[in-house]
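Numbered per my numbering, the sequence shown finishes at 282, counting up by one with no gaps.
One structure below.
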Amino acid sequence: MSNVVSLNPRSILGRKVSRLRNEGILPVNLYGRGIESASLQLEYVDGRDLLNLHGRNNLFEVQISGETEVRPVVVRDVSIHPVTRKILHIDFFQVDLQRTIQADVPLNFVGTSQGVSMYGGVLVQAIDRIMIEALPADMPESIEVDISALEELDSQLFVRDLTISDLVTVLISEDTLISAVQRPRVAAEESFEVAEGEESESEDDSESTESEG
Numbered sequence: 070m071s072n073v074v075s076l077n078p079r080s081i082l083g084r085k086v087s088r089l090r091n092e093g094i095l096p097v098n099l100y101g102r103g104i105e106s107a108s109l110q111l112e113y114v115d116g117r118d119l120l121n122l123h124g125r126n127n128l129f130e131v132q133i134s135g136e137t138e139v140r141p142v143v144v145r146d147v148s149i150h151p152v153t154r155k156i157l158h159i160d161f162f163q164v165d166l167q168r169t170i171q172a173d174v175p176l177n178f179v180g181t182s183q184g185v186s187m188y189g190g191v192l193v194q195a196i197d198r199i200m201i202e203a204l205p206a207d208m209p210e211s212i213e214v215d216i217s218a219l220e221e222l223d224s225q226l227f228v229r230d231l232t233i234s235d236l237v238t239v240l241i242s243e244d245t246l247i248s249a250v251q252r253p254r255v256a257a258e259e260s261f262e263v264a265e266g267e268e269s270e271s272e273d274d275s276e277s278t279e280s281e282g
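Printed below as a string of structure tokens:
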């Protein structure tokens with residue numbers, strides 16, 4: 070498909086849009102700050118290809134049939150059928166290229182943790198997305214998290230440890246936990262049993278001392 074996505078006005082609204090879907094047409098909406106929202110449509114295969122190519126948060130252009138100028142947009146929301154996983158609806162947000170936008174961006178975990186591969190730890194992901202702010206052209210589709218920094222058991226990664234462009238502002242606390250390596254369950258249980266055993270021995274020694282007295 071071309072770099073500019075072509076959209077047609079849509080007159081069928083509400084529950085009747087199921088008829089469009091049966092005909093291979095995908096209903097979409099376009100809205101933005103200070104503009105009138107528009108009900109639009111495109112071929113289902115084009116909508117699917119659009120999402121595969123641009124994903125969410127990436128800036129691209131659309132042109133509505135009958136208009137002479139293109140509109141810069143990002144994908145703001147996608148409705149998916151819970152069973153068939155087919156796309157049901159897409160929301161486009163028209164952006165002002167000079168004004169920052171906010172987005173909930175997924176984290177892309179890469180690398181290998183020695184805490185897991187060498188010491189048998191369990192990798193736990195506390196969060197998988199973070200809220201950020203940037204100009205539309207600077208908005209990343211995802212943010213990379215290198216888990217190779219998790220070298221030992223009990224090691225942790227926080228938002229402050231991420232490598233993020235200076236053009237992007239993170240909107241959650243830098244102390245937010247992202248990922249950690251937990252001790253294996255068996256090792257944790259053994260540690261608990263050892264601690265419990267030491268406590269019992271301490272109690273036995275105490276009773277013995279009292280008896281001798």
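The beta carbon of each residue, even a glycine, is placed where N, CA and C say it ideally should be.
Boundaries of the beta strand (DSSP E) around residue 75: 73-78. Using a Cβ-Cβ distance cut-off of 8 Å, the region 145-161 and the region 197-217 are not in contact, since fewer than three pairs of beta carbons, one from each stretch, lie closer than that value. Rounded to the nearest angstrom, the Cβ distance from residue 198 to residue 175 is 5 Å, consistent with a contact under 8 Å.
Taking a contact as a CB-CB distance under 8 Å, the pair residue 217 and residue 181 counts as one, their CB atoms being some 6 Å apart.
By a beta-carbon distance limit of 8 Å, residue 241 contacts residue 200. Their separation comes to about 6 Å.
Using a Cβ-Cβ distance cut-off of 8 Å, the region 70-80 and the region 98-110 are in contact, since at least three pairs of beta carbons, one from each stretch, lie closer than that value.
Nearest to residue 114 by C-alpha distance, out of 183, 236, 74, 250, is 74. The straight-line gap separating the alpha-carbon atoms of residue 143 and residue 119 is approximately 11 Å.
Look at residue 175 here: in three-state DSSP terms it is strand. Beta-bridge analysis with DSSP links residue 141 to 130.
Using a 10 angstroms sphere on the CB of residue 96, the tally of other CB atoms reaches 16 or more, which defines it as buried.
Taking a contact as a CB-CB distance under 8 Å, the pair residue 222 and residue 184 counts as one, their CB atoms being some 5 Å apart. Classified as buried, residue 172 has 16 or more neighbouring CB atoms from the shown chains inside 10 Å of its CB. A distance of 7 Å or more separates the beta carbons of residue 179 and residue 130.
Residue 95: member of the beta strand (DSSP E) spanning 94-101, first to last residue. Ranked by Cα distance from residue 98, the options 88, 162, 248 are led by 162.
Around the beta carbon of residue 248, 16 or more other beta carbons sit within 10 angstroms, so the residue counts as buried.
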